[in-house]
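Here is the structure:
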């Protein structure tokens with residue numbers, strides 16, 4: 206589900222001119238906290254399913270905050286995937302562009318990583334090294350307080366549309382995105398092999414075996 210294009214700050218991909226300079230695709234969030242991992246999972250899926258030119262940089266930004274400044278400053282075009290609390294129905298996608306991106310990242314912070322990345326964008330602008338184009342594909346999360354959990358079904362389903370939106374935007378920017386024709390070598394993966402979504406979901410204990418909301422000894 207996606208917000209209507211007539212909403213302020215929401216623009217569906219299409220009609221963009223190619224932008225000179227490096228293209229950076231950044232997923233931010235924490236895969237250990239359920240839907241917080243949406244952005245990282247998007248970049249992971251993009252790499253697993255598509256082949257991109259060598260000059261397109263895919264980054265698992267995690268919760269690195271200001272440590273991402275060099276990647277933002279180096280980008281001519283920046284595509285961001287993240288879980289954003291828009292106050293909408295879980296799984297709703299919203300595409301935000303250019304000057305609207307910092308405002309939406311700071312509207313209702315869900316975690317410290319959003320504070321840090323909002324500062325990254327501000328610092329990049331202050332240093333005069335801000336991308337010519339910035340696009341944020343954000344998804345409304347359903348659950349964040351589930352340590353060791355994975356994406357909820359409605360958010361995992363939204364990942365498919367978010368990926369399609371991101372691929373289309375890259376193509377609008379002149380990037381040659383093709384379906385992956387060869388398996389991705391493990392040493393090229395943007396996420397650690399132990400945290401790759403299929404393996405992570407297969408090996409994690411269920412909620413009855415491991416407390417995911419905190420140690421009950423300290424919550425009485």
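Numbering (my numbering), first residue to last: 206 to 425.
For glycine and all other residues, C-beta sits at the position ideal for the given N, C-alpha and C.
Query: As assigned by DSSP and simplified to three states, the class of residue 383; Result: strand
Query: Residue 378 versus residue 371 - alpha carbon distance; Result: 11 Å
Query: Coil, strand or helix - residue 291 by DSSP; Result: coil
Query: Residue 248 and residue 380 closer than 8 Å at C-beta; Result: no
Query: Segment limits, alpha helix (DSSP H) that includes residue 341; Result: Where residue 341 is concerned, there is no enclosing alpha helix (DSSP H), although the beta strand (DSSP E) it sits in stretches over 338-344.
Query: 8 Å CB neighbourhood of residue 309 in its chain, flanking five on each side removed; Result: 214, 289, 291, 299, 301, 341 and 343
Query: Residue range of the alpha helix (DSSP H) that includes residue 406; Result: 402-408
Query: Contact under 8 Å by Cβ, residue 257 with residue 382; Result: yes
Query: Chain-order list of residues whose beta-carbon lies under 8 Å from that of residue 265 (same chain, five-residue window excluded); Result: 232, 245, 248, 249, 395 and 396
Query: Buried or exposed by the 16-neighbour rule on C-beta atoms within 10 Å, applied to residue 405; Result: buried
Query: Simplified DSSP assignment, three categories, for residue 277; Result: helix
Query: Own chain partners of residue 384 with C-beta closer than 8 Å, once the 5 adjacent residues on each side are dropped; Result: 254, 255 and 256
Query: Status (buried if at least 16 other CB within 10 Å, exposed otherwise) for residue 387; Result: exposed
Query: According to DSSP, residues forming a beta bridge with residue 228; Result: 261 and 282
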